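Below is one structure, written out as structure tokens; comments come after it.
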Amino acid sequence: MTYNEVTGTRRPLRMWAEPESVDPQAMQQLRNVANLEWVHGVAVMPDVHHGKGATVGSVIAMKDAVSPAAVGVDIGCGMTAVKTTYKVSQLPDNPAYLRGKLEQAVPVGFGHHKRPVDPGKVHGMKTAGWAEFWKGFDDLTPAVHARRERAEVQLGTLGGGNHFLEVCADDEGVVWIVLHSGSRNIGKELAEHHIGVARRLSHNQGLVDRDLAVFLGKTPEMDDYRRDLFWAQDYARRNRSLMMGLVCDVLRRHLPNIAFEQPISCHHNYVAEERYDGVDVLVTRKGAIRAGSGDLGIIPGSMATGTYIVKGLGNSLAFNSASHGAGRKMSRTRAKKTFTVKDLEAQTLGVECRKDSGVIDEIPGAYKDLESVMAAQTDLVQVVAHLRQLICIKG
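And the structure:
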């Protein structure tokens, strides 16, 4: 589809969704953002839904300003996918066994490693840059300095909620590994600290929604946020890389002669310095991936509805972006009230995964239809591969 333009705000909304289909609360959030004086433009993805301050599924370009709530509290959250040399027919007959081995290697939920993982002991991991990365922790806001030990043992862990680790197969029967995670607790604490700082700044006192508080360029508060933000984005990237290394090591031990292609990785809660319309801007993608010309990206659905590997088409009207997934169509609370364990069993039939009350809020029925979301962004990405879940691990 081509985008819908919604006017009546300081900057128009370019929407790859039908405005009338968007929840009224989410539409109001979008209008609030588009009315901010620092905003250069707003692009709305087809998976858009209500979030804190800014909607999930929005791309916001600001000049000399950034809103930490428009990034989200899981800074650097994103996806990594690796294609293997294995076919589905070569996998063990008992997927539960393989799922168990993967869960032993990668802690989920509130779990963490007993001691920090040494990247040098993970097959194929690059060890350069790790010392400098951890040295950067000392420069972060003092508010998180007591969290270093926790940050160290959480590196290489999945987390809970909508984060997942999957063994998938493409339409040719080739096995892929896909995972979704972010910057764990350290990213959350950094985000919440800076959102609190922004809310107290004088220029934010008259905002319609204080959760949209911004930092302005060339200020100490902006410098502090950018330093912590980019460190947390790097943490998230390293977290996914380390997890994927641990997963590949498990598969090497249990699947003879398996090999792996280069990983595809993309953030979908982050900030980037980019240029549009001859203007240097800070682009926040909250629930959106970069889809510049040729950029490879990953767009998942839910526990049993597949995932798409895509290539960006470089649509500058969308600030070179695309959706980050199917997007929720109901809250976690409503999903728990709506569905039962039997519903979960039925909707995840054929997938080796948790089928208990603890993950009902992640049931496929709580998410939008992935195929409709993909159909709405054919001018943003082209499909490279379609994957279906074989094993899905959640916290």
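In my numbering, the protein residues as written are 0 to 394. For glycine and all other residues, C-beta sits at the position ideal for the given N, C-alpha and C. Small disclaimer: the values here were computed from a predicted structure and weren't measured.
Cα-Cα, which of Lys336, Val87, Ile297, Arg284 is closest to aspartate 73? Arg284
Reducing DSSP to helix, strand and coil, say where histidine 162 ends up. coil
Methionine 78: first and last residue of the uninterrupted beta strand (DSSP E) it sits in: 77–86
Tell me which residues share the same chain as arginine 147 and place their Cβ nearer than 8 Å to its Cβ, disregarding the 5 neighbours each side in the sequence. Phe136
Tell me the DSSP bridge mates of glutamate 273? Val280
Looking at C-alpha atoms only, which residue of Ser182, His193, Asn34, Glu171 is the closest neighbour of isoleucine 59? Asn34
Apply the 10 Å Cβ neighbour rule to alanine 235 and answer buried if 16 or more other Cβ atoms are within range, or exposed otherwise. buried
Out of Asn238, His202, His323, Pro94, which one is the CA nearest neighbour of threonine 218? His202
Where proline 115 and glutamine 153 are concerned, what is the direct C-alpha to C-alpha distance, given to the nearest angstrom? 8 Å
Exposed or buried, which one is arginine 306 when buried takes at least 16 other CB atoms within 10 Å? The sequence given here places threonine at residue 306; arginine does not occur at that position. When all chains shown are included, threonine 306 counts as buried.
What number of angstroms, rounded off, separates the C-alpha of glycine 396 from the C-alpha of alanine 127? This structure gives no information on residue 396, because the portion of the chain shown stretches from 0 to 394.
Leaving out the 5 sequence neighbours to the left and right, which residues in its chain are closer than 7 Å to leucine 206 when beta-carbon positions are compared? Ala212
Contacting residues, own chain, Cβ-Cβ under 8 Å from leucine 312 (five flanking each side not counted): Ala290, Ser292, Asp378, Leu379, Val380, Gln381
Assigned exposure category for histidine 48 - 16 Cβ within 10 Å defines buried: buried
Check whether the segment 337–348 and the segment 262–278 touch, using three or more Cβ-Cβ pairs below 8 Å as the test. no
Just to confirm my understanding: we take arginine 353, look at its own chain, exclude 5 residues before and 5 after, and list those with CB closer than 7 Å. What are they? Lys393
Please name the residue or residues paired with proline 299 in a DSSP beta bridge. Thr306
Should aspartate 227 go down as buried or exposed, given a rule of 16 or more other Cβ atoms within 10 Å for buried? buried
Considering glutamine 27, what are the terminal residues of the beta strand (DSSP E) in which it resides? Not the beta strand (DSSP E): glutamine 27 falls in the alpha helix (DSSP H), residues 23–33.
Would you identify the three-state DSSP class for tryptophan 15, choosing helix, strand or coil? coil
Under 8 Å by Cβ, that's how I've got phenylalanine 395 and leucine 178 pegged, so tell me the actual separation to the nearest angstrom. In the structure as shown, the chain begins at 0 and stops at 394. Residue 395 is therefore absent and cannot be evaluated.
Is glycine 172 closer than 9 Å to lysine 86 when the C-beta atoms are compared? yes
Using the C-alpha atoms, what's the distance from methionine 221 back to phenylalanine 338? 44 Å
What is the DSSP secondary structure of lysine 134, reduced to helix, strand or coil? helix
Can you give the beta carbon distance from glycine 52 to alanine 69, rounded, assuming they're within the 8 Å contact cut? 7 Å
Buried versus exposed, by CB contacts within 10 Å (16 or more), histidine 122: exposed
Would valine 213 pass as an interface residue toward chain D - the criterion being a Cβ-Cβ separation below 9 Å? No chain D appears in this structure, which consists of one protein chain only.
Let me know the secondary structure DSSP gives tryptophan 464 once reduced to three states. Because the chain here runs from 0 to 394, residue 464 falls outside it and cannot be looked at.
What did DSSP end up calling leucine 97 once you bin it into helix, strand or coil? helix
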